[in-house]
Amino acid sequence: MTIVHGALLLLCAAGFVAALHMERRARLARRGELREESVVHSPRARVLLGTSNAAIGAFYYAALAAASFFFSVPAVRTAALTAAILAALLSLYLAYSLIFVTRMTCRYCWTAHVVNWTLLALLSVP
């Protein structure tokens, strides 16, 4: 395993943990058990097809980690890079939303955004 591959796996693990934490908060909010204000109450917490961003993120990080073992297959690497581009673009939109629309702090959201941008940088290197 290369250093870059190890870094990619660590980033996927960090993103996965952040996504699971936010998915737990989203479940609590759906059941009415989340008492404080949270970004999971925002319409932007479910950007794609009504599914929580956190659930999509958890799937993305797990799938990217698994796919990373098959990057020698050009189609797999291309699909991973495409997914990373889409994730980074979605993170730009959600970061903008955090700063200018919801105006809420969310460490786990920012963790995921930084992970997404860093993953894109790693995958962009041939």
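For the sequence shown, the numbering used here assigns the number 822 to the last residue and increments by one with no breaks. The beta-carbon is built from N, C-alpha and C at its ideal position, and this holds for glycine as well. In this text the structure is predicted, and so the values were computed from the model without any measurement.
**OP:** Classify A817 as buried or exposed, calling it buried when 16 or more other Cβ atoms lie within 10 Å of its own Cβ.
**Re:** exposed
Original post:
Cβ atoms of M718 and A791: under 9 Å apart, would you say?
Top reply: no
Original post:
When the cut-off is 9 Å and only beta carbons count, does E732 lie next to chain B?
Top reply: In the structure shown, chain B does not exist; there is a single protein chain.
**OP:** Please state whether DSSP places L744 in a helix, a strand or coil.
**Re:** strand
Original post:
Regarding L816 and the ligand FMN, is the C-beta to nearest heavy atom distance less than 8 Å?
Top reply: Inclusion of the ligand FMN in the displayed structure is not the case, the ligand content being empty and no account of it being possible.
Original post:
R773 and A750: beta carbons closer than 9 Å?
Top reply: no
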